[in-house]
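Student: Following this message is one structure expressed as structure tokens.
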Amino acid sequence: MRRRTVPVAVTAAVTAAVTVAPAAVTAAGTTAALTPAPATHAYARPDPRGAVAALRSRFVPRHGVRFREKVATRYFSDGRRIGMDRYRLRGAYRFGRSGVVASRTIHRTDPRDVPRAVRDTDPAIRLILLRGAMYLGARGLMASRPRRVTWVRLDDPGLLSVQTINVLEPATLRGLLATARRAEPGGEIGGAPTTVYRGTITARRLYAVSRTYRVMTGDRPRGPAGRLAIDWSLWQDAERNTRRLAVSFAEMNPWARGWDRLAAITTSTATFRGWGSRVRVKAPPARSVIDLDDPAMAAQPMPAPPRLSVPGLERFMR
């Protein structure tokens, strides 16, 4: 049976619930333009070569790293906040000799954003990304299996991470650190002293260096979209293992002025632990998998896919 292919930018399955302005914002006709990056000044950038070499040394088959992430998007209209969208991710990345080869993630909407009446029934969404296939899993998806997790299988264009900035890609890590403005002591994380690097990267530059970002967004960002400023802070320990990554960006209405321009602010914080630990990621059991094009899916709800905290993706929802 022919499987349905996930289109570029994963718009059919993963971006259906991306962090975009809600109806209250889109109904007003807002098309997010993006915050231009501030002018740069001369400064001494940290040398990224040590961090990239350390990352490559971690690429040992069947090993990897675990992560947790919190993402929040605040929506605005006429300068006032009109809503908030929050969710949490946790999972693990599995390495091969050249980088990440698989990942598994559990996505949950923040309980504070779920109505109390349905809070106990709000299911976690599971995501398994392998080379060549993507699996979305949810409990009770099939009426015949109300207490079991059913997995929907889709072809995958090569996405192995759903994080805005994938610092597990050597090219992305190198490109990110090349935009660092400063480095300073970052305190202890997980008992390890860290150094925090801070900087700003434009969407255009991130698109150029990051394969993950290109797959998630599809089209090359141009004009105001390419000048979007993504602020970041990266904490690394003495062995140059990434311990934490914080990202933030603001999206604007191009036709408005002053505070009326602000449409949304997205922030995310990811923590990494268990570097070098054994990580197992594999396809779900065949008996629990159903293809998206299977006739049995016609009468079943599609599980709400994990959201992507990627700027500008509202253009896919027009």
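In terms of mature numbering (1 follows the signal peptide of the UniProt record, and there is no 0), the sequence shown is residues -23 to -1, 1 to 295.
The beta carbon of each residue, even a glycine, is placed where N, CA and C say it ideally should be.
Here the structure is a predicted model, which is why all the values come from computation and not from measurement.
From residue 140 to residue 286, what distance separates their C-alpha atoms?
Tutor: Approximately 7 Å, taken between the alpha carbons.
Student: Looking at the secondary structure, which residues open and close the alpha helix (DSSP H) in which residue 182 lies?
Tutor: Unbroken alpha helix (DSSP H) run through residue 182: 180 to 186.
Student: Measuring CB atoms only, is the stretch 194 to 205 touching the stretch 161 to 171, in the sense that at least three cross pairs come out at less than 8 Å?
Tutor: Contact between the stretch 194 to 205 and the stretch 161 to 171 is absent, because fewer than three Cβ pairs lie under 8 Å.
Student: What are the boundary residues of the alpha helix (DSSP H) that residue 149 is part of?
Tutor: That run of the alpha helix (DSSP H) goes 147 to 154.
Student: For the stretch 167 to 180 against the stretch 215 to 227, do three or more pairs of beta-carbon atoms, one drawn from each stretch, fall closer than 8 Å, so that the two count as touching?
Tutor: Because the criterion of three Cβ pairs below 8 Å is met, the stretch 167 to 180 and the stretch 215 to 227 touch.
Student: Rounded to whole angstroms, what is the Cα-Cα separation between residue 15 and residue 249?
Tutor: Note that residue 15 scores 45 on pLDDT, short of 50, meaning its location in the model is unreliable; the coordinates nonetheless yield the value given after this. Their Cα atoms are separated by approximately 29 Å.
Student: Using a 10 Å radius around the Cβ and a threshold of 16 neighbouring Cβ atoms, would you call residue 288 buried or exposed?
Tutor: Buried is the call here.
Student: Quick one: give me the first and last residue of the alpha helix (DSSP H) that residue 227 is part of.
Tutor: Careful: residue 227 lies outside any alpha helix (DSSP H), inside the beta strand (DSSP E) at 219 to 229.
Student: Taking C-alpha atoms, which residue in 221, 159, 26, 70 lies nearest to residue 38?
Tutor: Looking at the Cα atoms, 70 is the closest of the given residues.
Student: With 16 as the cutoff for other CB atoms within 10 Å, does residue 315 come out buried or exposed?
Tutor: Missing from the structure shown is residue 315; the chain here goes from -23 to 295 and no further.
Student: Is residue 28 helix, strand or coil by DSSP?
Tutor: Reduced to three states, the DSSP call for residue 28 is helix.
Student: Along the chain, where does the beta strand (DSSP E) containing residue 310 start, and where does it finish?
Tutor: Nothing can be reported for residue 310, as the shown portion of the chain is limited to -23 through 295.
Student: If you check the beta carbons only, do residue 176 and residue 158 fall under 8 Å apart?
Tutor: Contact flag set, yes.
Student: Checking the sheet assignment: what are the DSSP bridge partners for residue 239?
Tutor: Partner(s): 229.
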